[in-house]
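Heads up: the structure comes next, in structure tokens.
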Amino acid sequence: MVYNADLKEFLRSRRARLRPEETGLTGTAGSRRVPGLRREELAALAGVSVDYYVRLEQGRNLNPSEAVLDAIARALRLDDTERAHLFDLAKPSAGRRRRRRPQRVSAATYQLLETLDEAASPALILGRRMDVLAINQIGRALISDFNALPARQRNYARFILLDDNARDLHPDWQANAAETVATLRLDAGRYPDDPDLSALVGELSVKSEDFRRWWADHQVLARTSGTKRYRHPLVGDLTLTYQALKLPEDPDQTLFIYSAAAGTAAHTALRLLAHWNTDTAQLSEPAIGKSSAS
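Following the working numbering, the numbering of the sequence shown begins with 10 at its first residue and continues without gaps.
Listed below in structure tokens is the structure:
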């Protein structure tokens with residue numbers, strides 16, 4: 010018998026957060042030893058047998074139909090991201106095992122990053138496992154110079170959870186880090202047999218108590234847009250909006266673009282950061298065509 014531990018824990022965590030009164034089961038509250046709905050209550054709401062739901066929540070490899078998963082998602086009141094995660098977890102593992110090619114950023118996308126540099130808009134591209142596949146100059150100046158790291162160490166989750174500079178940079182570090190873990194958890198559902206992802210989760214679990222706690226919560230998050238605050242050592246505090254865009258050539262690549270409205274203090278700070286970064290890069294370039302006196 011094959012057991013699906015991730016499906017088991019996800020279903021348990023979602024059931025535990027529901028209260029009977031939220032689902033119309035007002036006459037069944039009573040005294041409960043554990044929070045949330047009972048299994049038989051959830052099964053009744055989903056319209057499946059108690060035995061079937063119990064086996065499903067035990068993580069048995071039952072290969073449930075889409076109709077059953079839809080019913081359970083509705084009963085658990087899952088949002089769109091959680092529902093997609095449930096479907097990912099419930100897929101037979103044998104059907105998900107395939108070798109994936111290393112991710113490459115296209116020349117056109119690199120050109121886009123350079124254009125965003127000219128607009129003083131930090132941008133980076135995250136791939137599977139939240140690997141940093143590319144980042145423009147002002148992005149490196151704002152967040153971190155990922156290009157200075159070995160390729161296998163360029164990972165956004167590792168930076169947020171393990172780099173002390175990330176805590177200084179993000180005034181809302183707790184919230185940002187928890188959201189990062191939730192995003193990584195979503196990837197884990199999509200790619201359960203990715204050995205590099207398993208290694209990353211293992212590393213973060215060993216090195217970060219915060220990561221272990223948030224990982225056990227089974228929260229999932231798909232970032233699309235929002236705001237983020239930074240406390241930069243050179244330009245001070247700034248609040249930026251961001252958009253997350255899937256790239257057409259590879260849906261597993263996401264382009265994050267950060268910006269600020271013209272005339273705001275944050276916009277001025279980005280301009281200053283862009284000029285500072287350009288001046289620093291020029292000063293660091295080696296002189297060409299000059300010879301030293303002998």
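Just so you know, even glycine gets a beta-carbon here, dropped at the ideal spot from N, CA and C.
This one's a predicted model, so the numbers in the text were calculated from it and none came from an experiment.
Inter-residue Cα distance where the pair is residue i and residue j
i: residue 228; j: residue 270; result: 32 Å
i: residue 128; j: residue 19; result: 42 Å
i: residue 144; j: residue 275; result: 20 Å
i: residue 154; j: residue 26; result: 40 Å
i: residue 31; j: residue 71; result: 29 Å
i: residue 22; j: residue 215; result: 23 Å
i: residue 103; j: residue 76; result: Here residue 103 scores only 45 on pLDDT, less than 50, and its place in the model should not be relied on; the value that follows carries that caveat. Each residue's Cα considered, the two are about 21 Å apart.
i: residue 223; j: residue 185; result: 12 Å
i: residue 93; j: residue 230; result: 11 Å
i: residue 247; j: residue 147; result: 14 Å
i: residue 263; j: residue 12; result: 32 Å
i: residue 178; j: residue 257; result: 31 Å
i: residue 277; j: residue 242; result: 15 Å
i: residue 158; j: residue 174; result: 15 Å
i: residue 64; j: residue 80; result: 16 Å
i: residue 122; j: residue 272; result: 23 Å
i: residue 280; j: residue 249; result: 13 Å
i: residue 62; j: residue 167; result: 36 Å
i: residue 208; j: residue 100; result: 22 Å
i: residue 133; j: residue 237; result: 15 Å
i: residue 91; j: residue 255; result: 19 Å
i: residue 78; j: residue 235; result: 30 Å
i: residue 201; j: residue 60; result: 27 Å
i: residue 48; j: residue 73; result: 17 Å
i: residue 253; j: residue 285; result: 26 Å
i: residue 114; j: residue 176; result: 29 Å
Burial state of residue i, where buried means 16 or more other Cβ atoms lie within 10 Å
i: residue 303; result: Low per-residue confidence applies at residue 303: pLDDT is 29, beneath 50, and the placement is therefore not dependable, though the value from the model is reported in the following sentence. It is exposed - the Cβ of residue 303 has fewer than 16 other Cβ atoms within 10 Å.
i: residue 376; result: Since the first residue shown for the chain is 10 and the last is 303, residue 376 is missing from the structure and cannot be characterised.
i: residue 239; result: buried
i: residue 156; result: exposed
i: residue 233; result: exposed
i: residue 89; result: exposed
i: residue 58; result: exposed
i: residue 66; result: buried
i: residue 44; result: exposed
i: residue 204; result: exposed
Within 7 Å, strictly: CB atoms of residue i and residue j
i: residue 95; j: residue 82; result: yes
i: residue 112; j: residue 142; result: yes
i: residue 151; j: residue 131; result: yes
i: residue 165; j: residue 193; result: no
i: residue 24; j: residue 54; result: no
i: residue 109; j: residue 206; result: no
i: residue 244; j: residue 213; result: no
i: residue 98; j: residue 16; result: yes
i: residue 14; j: residue 68; result: yes
Residue i, DSSP secondary structure in three states
i: residue 100; result: coil
i: residue 144; result: strand
i: residue 62; result: helix
i: residue 183; result: helix
i: residue 81; result: helix
i: residue 174; result: helix
i: residue 13; result: coil
i: residue 272; result: coil
i: residue 260; result: strand
i: residue 214; result: helix
i: residue 235; result: strand
Member of the options whose CA lies at the smallest distance from the CA of residue i
i: residue 195; options: 184, 210 and 182; result: 210
i: residue 28; options: 13, 123, 17 and 50; result: 50
i: residue 8; options: 285, 22, 146 and 199; result: The structure shown does not extend to residue 8, since the chain is modelled only from 10 to 303, so the question has no answer here.
i: residue 149; options: 266, 75 and 16; result: 266
i: residue 170; options: 183, 80 and 158; result: 183
i: residue 125; options: 251, 78 and 262; result: 251
i: residue 160; options: 189, 176, 174 and 140; result: 140
i: residue 172; options: 202, 191 and 217; result: 217
i: residue 188; options: 208, 201 and 226; result: 226
i: residue 220; options: 100, 44 and 190; result: 190
i: residue 84; options: 284, 253 and 52; result: 52
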